[in-house]
Each structure stands twice: as C-alpha cells, then as structure tokens.
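Okay, so here's the structure we're looking at.
In the UniProt record's numbering, the protein residues as written are 1 to 847.
Given below as structure tokens:
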C-alpha cells in the first residue's frame, strides 16, 4: 500500500477515530458482500466439478473470472481496514490467481494463414483441416480409392472471421447460459448464436484465398466443378466422438454461393443438437474449431454406408467378420438422416457373394433386373473397399460412399466404427427368456441395444420435440440426428422407419440409448399405452415395467465425463478453489503462506476482518466502541461490537463483559430468543460437541481450546451481523430491519460440518425445509445453504431471526446422526411444533 494511504489511515486513527471506525465498518460491510459472493461462486464451481454437470466451458470460465474478481475485492477491502498488514495475503492471491487463470483459459485462437488448403495437405495439418478432411487426405495419400475433387477452408479462416467480427465475447456469453436439459431455452440461444455467424462479414483474406484456389483448379482442369457440396469438418469430428449428423452440409452449391454456404456450415456448429452433443461429450467450443470441406457435387445414382463389421448377418452373435452395405437411391443423405429405409447387402468373410435383403424404400427406376439397386460387381467392389479400409485404418470402419450416373463409386467419408456398434447384441433380435408378460409389439431392427423403461410419447413431427419430458419412450416415424439434442430426456426410441446405418443410431450407440428402427405400426399400437419396457436387443416392447428387465434398464449416460478434457481441467480448477486447509485460526499455520486455495484466502480474509472489527479500541480507549464478550448460560463464546443502539447504555463503554439483559437491539434479542429456546439442549463448556467423533473426522487438527469455536457479531438497533461457529460448520446471519421496507433484508448462510458429506446434505435439506415453511427463499449448493427474506416491514424479521437462532441450537450435531432420509420427516414435524411457541408462517410483530 502507498505511503500516502498509510498516512491517511494513521491520521484518522490519531485525530478522527470515529471516522476511522465508520470507514472500517463500511469496508467491513463491503467485505461481507464479497465474502458472500465468493463462497457462492466457489460452491458453484465445486458443484460442477463434483457432479460432472454438463455445461459449456464458457460457464466455467465466467465463474472463474467472477471468483477471481470477488476474492480480489475481498482482499482489497481487508487491506483498507488495516493498511500494510495484509500485503502478503495479496501476494499469495496473485500467485493463486495466475495458476487459476492458466487452468481456465484455453489457448488463443490461431488466425494466421493458410485459409484454404488442398485435401492432400489436410493429412499433415489436422489442426487446420478438421477430422473429416484429415481422414480423406490420409486416404488420398495411402490408397488409390477415388473421391470427389475438392479443398478445405481451414479452421484458422473461421477463427479469423470470429476475430474480425468480435464475436467471441458474445458467443461465450450465450454459451455460458446453456442448459442442455432445457430444450426451449437451448433453441432460443441457438437461434441467436447462429444469427451471429450468418450475419458476420467474411474477411477479405478468406475471399481472396478461396478465389485463388478456384482459379488454380480451373487452370489445371478446364472441366472443373461448377456445383459443390460444402460439408463440416470440425476438429474432433469423426473421432471416438463422432458428431455423426450433428453438423450441417449444404449440397449443390454454385461457385458464387460458396461463401454463403460456408457461413451456413459454420453456423451449424451452434444448432441445438450440435451444442448439446458437444457439451455432453465434454468439449469446449474452442476445442472443436470448424473447417469446411468443399467437394465436387456428384449427381449420384445411389449412395449409402458400409459397416465393415456387422454381427446382424445371420450367423452367431459376436461373429465380427460380417460386412454390410446399406444403399438408397441418390445421395446417402436420406439414409443417414433416418428418413429412408435402405436396401441391405450382407457379405460374410468367407464369401464375396452378397445376401440381399430387400426393403420398401427403393426407386424401381434405378433397380437392376433382379430388383436390386446395386449389381454384384458394385457390391463386390464396395466390399473390397471396406476390407481394405479396415486394414489401412486398423479397425472397423463406418464408410459413406456414392455411385455416379456412370456407375463409378466414390469415397465420401470414413470414420471408426465404435466397438459398441459390433457388440454381441447389436442388430440381434434375441428376447430375454422366461418373461411371462406378452409383448405389445415384436420386430424391427435393433439400431442400438439395451433396455429402456419409460412413458410412451408419440410424435409424428420430429421437428417439434422441445417439450419432451424426462423419462420418455419416444415413438416417431423416423429418428433424425437432431434427437441428440434431447438425449437426456429419453429412455428409448422406437421408429417405424430408419435403419441402424443412420447418424442417430451412431449417436445412440455412443450414449447407450436403446433404439429400435423399422417397427411398422409402432405409432398406432403404442399411442396411449403409458409406461412400457423396450428391449431393443430382443425386438420386443412390453406393457408396464418388466421386473425381469428392470435391472438392465438404460441409465442416463454421462459420456465418460470423468475422462473428458473439460472435466479434467475443471477438477484441476477445483483443487485450486474448493479445498479448505486453514482450519484453526489459533494455529501457526493459519497464515497467508499456507493459503493454497481460494477457499483458504476467503477463510483467512473473513477471520482477519472479524478480528479487525474486534480490535478497534486502542490502549487509551479513544471513545471507540470495543468488542465485548457476552456472559450467559449458553456454552457459546460470543463477542459483540456495538455500532450504536445495539447495546444498552448502562453496559458501559469500557466494560469488557455484558449479559443478555443489556441487549438493546430487537434483532439481537429475537435471535437470542431462538438460541435459548427451552427445547434446545446445551452442554456446558465445549462438551456439547461430540469431540471424539469430531477428532475422528478431522484427524485431531483442532484442539478443544481453539478460538475457532468463538462467535462474533456487529450490532446496531436496526442492523445485526452474526457469525456463529460450532467447530466444523458456521452460520452467518446478516439483517437490516429499519424504516425502509424495500431496503430491509435478512440473509442467512450455513455451510460445513464434520460429518459424512451425505449427512451434511441431509442437515441442509432439513434446514431448507424449515426455512421455506417460514417464508424464506432458499438456494443450496452442495452443503452450503443460502436463504433470504426481504422487502418486508421490520417487525416481520423478528420471528424469523428467532427461527434461525433455534435452528442453530437444534442442528448442532445432526451432520453426525442423520444416517438416513427416513429421519428427516419426524425431525421436521417436531421442529415446526416447537417453533410455534413464538412463530407461525403468518406471524408479524413490530420493532
């Protein structure tokens, strides 16, 4: 702190001590606000880390920024209370703040050229080309398989567009608000996000690079394409996290429309389903930068998908040598979006002769004489491609292909086929034996195995799904990829159309969601059935909840949350934020040097601020109100500072002890009434805590003589601030109850305990129930509870202060004894009965 500020402090101390007291009190009030906010932010971050909650990284980053500011402000207010005394604390804060920022801040986006590269270059530049283009570049290098001509608009081009339009701050602001379980709000945020991209200006550097690439293509080939397909190629796409069908492709684009189509593809990154899928898989927006794969538009005769391993071919389950080709007329888009059922050709490893399974969704004008879309030569060629690619890519593959009007086959995409796709029950219809219940329906194709139990919701419009409730069995005509946006609401999906080669089937297998496709009549038969059990592997749907299958029922899938990069970063942040190491203020280790988390800094600053307020009286008195210790029948060490009207004048300014009969503040008296309720058992000394159990929990860190057990307060006639500490938990009561009803408030915070985390949570639930009954608004974050009652006449606060006092006495050790939920209701009823001696929910009184 500067010499001038220190001089000002000491001048006030010597010549205007009353002003110094007021300044300290005002700084203290500000400090309490920052303390409140800091603990709230800390709890939010801790809850995100411990629960594995699915939020965008922008929310985590925003919470970290807010926490850094709040803790920094807390320390600045403490320094203003005693200049020069807490410089080391600020230094420690700066060290921790830097480490926290390192964990929360993602690498800066690269905006440097090149902005357009060839598909061949993509193999060596995955960070520029994204997953889809990278794979095609590698196959162009490693095989002779044909693919359409094209190029890539790079991720750095996208980064440049965002930077030039200054979009990142607004994108992060909106992304930080996302709740993937609130479909309507997600759709609203998505609309604003996509509009930001679609209305952004294209930087000249990107336009120039695109023009140069098109000119180069035309120079080498006079018959260069005039129509294009612009497809997504984000970093991470087509990896273990497939993003199958979640992004956007724009087909049959003229050269003049390429830039507009490019922005449409970029905006597709922020569609509701794409947002939900990315967040569910623990990826930050900046970790999946978007490139655009621009390829020659093929006028396709047929198209589809190859699964190089597919056990659904008539052999024994687990036979992983079977290859399946799915084909539809035209491009394969209608296959992968689930809207058309394919012709299916299965090839065993021991034979090149395909087994053809006909389906209804074919265009007879494209069929060969035997009713097949593909002739035997084409089937053999595609099967050979699949087996070659499986060797080159060292594992089972999901391959998209098309056939042009001349019969030439082209490779469009290749990605790993997840092991779950070729699992023992994938595609098999094997009912679980010994089920007495008769199925409502049998048949269809297992697109994703598993058991789902839930309530039937029938929808004939797959574009209107924002109001699907949790626990639904969704029944619809076909399964679009956009269902990925509501995965958390679904227990199973049943579709009359579609196939296991659709994009949503891939996403469902990643999430472990049971799906049956191609089940004719499902919408009619299941409508109004209420609860059903879906056995996707067995191809059966049963009425009600089938006990024999319930143990295998689908559980909400957390997408390997603990393994994601976001969760790992969040856990590292939590280590810098949440742990509390400074437990005993009397210990030599209670020092700034021992602060290794933001929680430590908050605890240290709060303790020292309270100590500052309790040491305002110098050796000569100087007419300042000093801290006075309350002497009462309660085994509670309570020291008070009177700011005016809080204590009776007869208490004496120099008297260091006082009794409760000298309390003058109605607020303090009301709280004391609750603390001294006759139904509360207080043991003398410190024996009211089960110290044997407490030492077992804490490892004996805190001694019985520790002043940690002391409680403190600041009191005026219309203001009360109490911090009540009972060993391992604390409660803060902050109340202003004066003549301005709109300004009046009562805030309460409760946190901590020495017992098991689940028992601490039960105690918080009990306190929450009572406070809600008493008219408080309540919010909980883990084992921390915040309650507020405000904007009422002053008299309405008195009975509620009594309730808070009562709860402190009655709940001392409940975090050690609430071993089961069944204990909550009897305690809640007992508390309400006892509280009615001085409070009912409609009770009011006058100050």
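No residue lacks a Cβ here, since even glycine has one placed at the ideal position from N, Cα and C.
Please identify the residue among the options whose C-alpha is closest to the C-alpha of residue i.
i, options, result
"residue 646", "637, 667, 595, 659", "667"
"residue 226", "298, 284, 184", "298"
"residue 118", "643, 346, 79, 217", "217"
"residue 111", "165, 85, 143, 136", "165"
"residue 271", "232, 259, 293", "232"
"residue 415", "746, 737, 398", "398"
"residue 143", "460, 482, 387, 769", "387"
"residue 287", "841, 497, 58, 833", "58"
"residue 768", "661, 607, 828", "828"
"residue 78", "124, 106, 29, 101", "29"
"residue 187", "807, 463, 718", "463"
"residue 812", "753, 835, 797, 832", "753"
"residue 484", "277, 293, 346, 36", "277"
"residue 713", "389, 607, 633, 202", "607"
"residue 541", "80, 629, 450", "450"
"residue 773", "791, 782, 836, 735", "836"
"residue 758", "465, 783, 744, 473", "783"
Only counting the same chain, and skipping five residues up and downstream in sequence, which positions put a Cβ closer than 8 Å to that of residue i?
i, result
"residue 401", "303, 304, 305, 306, 332, 382, 385, 409, 410, 411, 412"
"residue 190", "270, 271, 272, 275"
"residue 140", "119, 120, 123, 147"
"residue 824", "762, 765, 766, 769, 818"
Between the C-alpha atoms of residue i and residue j, what's the straight-line distance to the nearest angstrom?
i, j, result
"residue 799", "residue 670", "7 Å"
"residue 395", "residue 52", "31 Å"
"residue 76", "residue 90", "8 Å"
"residue 418", "residue 447", "13 Å"
"residue 257", "residue 129", "21 Å"
"residue 178", "residue 154", "27 Å"
"residue 605", "residue 74", "7 Å"
"residue 524", "residue 534", "16 Å"
"residue 476", "residue 497", "8 Å"
"residue 173", "residue 443", "47 Å"
"residue 32", "residue 70", "11 Å"
"residue 145", "residue 266", "29 Å"
"residue 44", "residue 36", "13 Å"
"residue 797", "residue 40", "24 Å"
"residue 508", "residue 553", "15 Å"
"residue 204", "residue 285", "25 Å"
"residue 543", "residue 294", "49 Å"
"residue 718", "residue 794", "9 Å"
Taking all protein chains shown into account, decide if residue i is buried (16 or more other Cβ within 10 angstroms of its Cβ) or exposed.
i, result
"residue 254", "exposed"
"residue 391", "exposed"
"residue 658", "buried"
"residue 108", "exposed"
"residue 249", "buried"
"residue 820", "exposed"
"residue 840", "exposed"
"residue 377", "exposed"
"residue 95", "exposed"
"residue 406", "exposed"
"residue 98", "exposed"
"residue 56", "buried"
"residue 599", "buried"
"residue 510", "buried"
Below 6 Å CB to CB, which residues in the same chain sit around residue i once its five sequence neighbours on both sides are set aside?
i, result
"residue 814", "763"
"residue 733", "722, 748, 804"
"residue 157", "115, 206"
"residue 62", "176"
"residue 134", "122, 126"
"residue 731", "724, 750, 808"
"residue 330", "300"
Can you list, in chain order, the residues of its chain whose CB lies under 7 Å from that of residue i, leaving out five sequence neighbours each side?
i, result
"residue 469", "489"
"residue 771", "778, 787"
"residue 530", "455, 456"
"residue 831", "770, 810"
"residue 150", "119, 293, 294, 295, 296"
Complete beta strand (DSSP E) runs within the stretch 202-270 (minimum length 3 residues, chain order) = The DSSP assignment places complete beta strand (DSSP E) segments of no fewer than 3 residues inside the stretch 202-270 at 227-234, 249-254, in order along the chain.
Contained alpha helix (DSSP H) runs [length at least 4] in the stretch 486-514, N- to C-terminal order | If only uninterrupted alpha helix (DSSP H) runs of at least 4 residues are considered, those enclosed by the stretch 486-514 are 503-511.
Note down, one range per segment and in chain order, each alpha helix (DSSP H) of at least 4 residues found wholly within the stretch 32-118.
-> The stretch 32-118 contains these whole alpha helix (DSSP H) runs: 57-81, 87-104.
Every unbroken alpha helix (DSSP H) inside the stretch 784-812 [4 residues or more] = Runs found: 797-810.
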